[in-house]
Amino acid sequence: METIQLLLVVTCLAILAEVTYLVVKLPRQNIGKKQSRPILVDTSVLIDGRIIAVAASGFIGDTLVIPRSVIGELQFLADNADHEKRARARHGLDVVSELQAMPSVTVEILQDGSKAEEGVDERLLTLAKKHGAAVCTIDYNLNKVAVVEGITVLNVNELAQSLRMAYLPGEKILLELVQKGQDSHQAVGYLPDGTMVVVEHANKNIGQTVEIEFIRSLQTAAGKMMFAKRVEAKQQPQKVQKPIGKKPQPLRKEQKVQEETPKAPVEPKEPVAAVTAVYHSDSRDQHTAKRRQSASKSKQQTPRQPKQNARRPRSSADREAALIDLVDKM
């Protein structure tokens, strides 16, 4: 009896230990696990070739599924297209071989036929809906249609855009310098995303916010770092005051014509004595005529005076008239 009881106790303890293991251990192992989702690869991604670097980095944890219709399209382009398209199609076939050779990536070939009658894009959308897969492409139109159909799209161009540096060489920003750099003349600041920026010859501006211009960027496995230089404030050149004065006015047409036309030759002048004699004679004749007119008017206006007044002295008009008569007689 004691042996049977001992066996029962041992059996109960073993069952209890097994139940405890199932309750405690198994849920912890299932935490974080999800079902694998296949990724259908498009022709454009294979021709582009950047899928190799993405797969080598380990960010693709799902299975890459390459439909046979996609490989058939690459083969058709490599045989019948022009020289440039043939080279790109052969590069796409080489990318398929490199993906299959990677140990960290699972690649499967889906046998859906070597040729898609409805088109490779339509075949990819149909397979994605059927298998619940995502589509990896860089084709803009296929991306839009897949989003409308409710299919998950992995676009390599969007991934590259999100990993691009926020600032390119030549761009200028305001940055706060917080500490010294490795060299004595350097100062260090940080971008909002944590990127370290080393500014050359800015050790005197530590603790200030200055304007910088990016020179180059350095991408390493430890992260990215950028180098910049301080933008000097440009001094505006002083304006030289010009002397105040009137601007020379352009010559008029009349003045130009007068300058261009040759001047007539100047005739020789007459002797001064002859000119003066003529002038005196003319002026004398005019003066005599005026005297006569004034005398005649005075005679008409002045009434005759009685004989008693004849002995009075002559007036100025009478004297002038007598003088004129004398001159005429001479």
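Each residue of the sequence shown is one higher than the last, beginning at 216 in the working numbering. Backbone N, C-alpha and C define an ideal beta-carbon position, used for all residues, glycine too. On a predicted model such as this, the values are computed, not experimentally measured, just so you know.
1. Going by DSSP, which residues form a beta bridge with L325?
2. Checking 9 Å against the spacing of the C-beta atoms, do R301 and D294 come in under that value?
3. What is the DSSP secondary structure of V490, reduced to helix, strand or coil?
4. For a test of the three-state rule: what should DSSP assign to R534, helix, strand or coil?
5. What three-state label does DSSP hand S432 in the structure shown?
6. Specify, as a first and last residue, the run of the beta strand (DSSP E) that A402 falls within.
7. The beta strand (DSSP E) that contains Q394, what's its start and end?
8. Ends of the alpha helix (DSSP H) at I262?
9. Going by DSSP, name the residue or residues bridged to N370.
10. For N358, which residues of its own chain have a beta-carbon under 7 Å away from its beta-carbon, when the five flanking residues on both sides are left out?
11. Would you kindly work out how many angstroms separate the C-alpha atoms of H298 and V425, rounded to a whole number?
12. Looking at I430 and P384, is the spacing between their C-beta atoms short of 9 Å?
13. Reducing DSSP to helix, strand and coil, say where V446 ends up.
14. Would you identify the three-state DSSP class for L255, choosing helix, strand or coil?
15. Can you have a look at D354 and say buried or exposed, based on whether 16 or more other CB atoms are within 10 angstroms of its CB?
16. I'd like to confirm the pairing. Which residues does DSSP put opposite E426 in its beta bridges?
17. By how many angstroms is the C-alpha of L374 removed from the C-alpha of H306?
18. Please go through the same chain and pick out, in chain order, the residues whose beta-carbon is closer than 8 Å to the beta-carbon of A554, but skip the five residues on each side of it.
19. Have a look at the DSSP bridge pairing and note the partners of E333.
20. Please state if the CB of E364 and the CB of L340 are separated by a distance shorter than 9 Å.
21. When you compare only the Cα positions, how much space is there between E332 and E288?
22. Buried or exposed: which applies to G276, given that a residue is buried once 16 or more other Cβ atoms fall within 10 Å of its Cβ?
23. Check whether the Cβ atoms of A343 and V335 lie closer than 9 Å to each other.
24. Do L389 and A402 have their CB atoms nearer than 9 Å?
So, from the listed chains and residues:
1. P282
2. yes
3. The predicted model places V490 with a pLDDT of 38, which falls under 50 and marks its position as unreliable; any figure quoted below should be read in that light. Three-state result, V490: helix.
4. helix
5. Note: S432 maps to strand in three-state DSSP.
6. 402-405
7. 387-395
8. 258-263
9. In DSSP, N370 forms a bridge with T352.
10. T352, V368, N370
11. Rounded to the nearest angstrom, the two C-alpha atoms are 53 Å apart.
12. yes
13. coil
14. strand
15. Buried.
16. L389
17. 22 Å
18. Outside the shown range of the chain, which is 216 to 545, sits residue 554, and nothing can be said about it.
19. Answer by DSSP bridge pairing: none, since E333 is not bridged.
20. yes
21. 11 Å
22. exposed
23. no
24. No. Outside cutoff.
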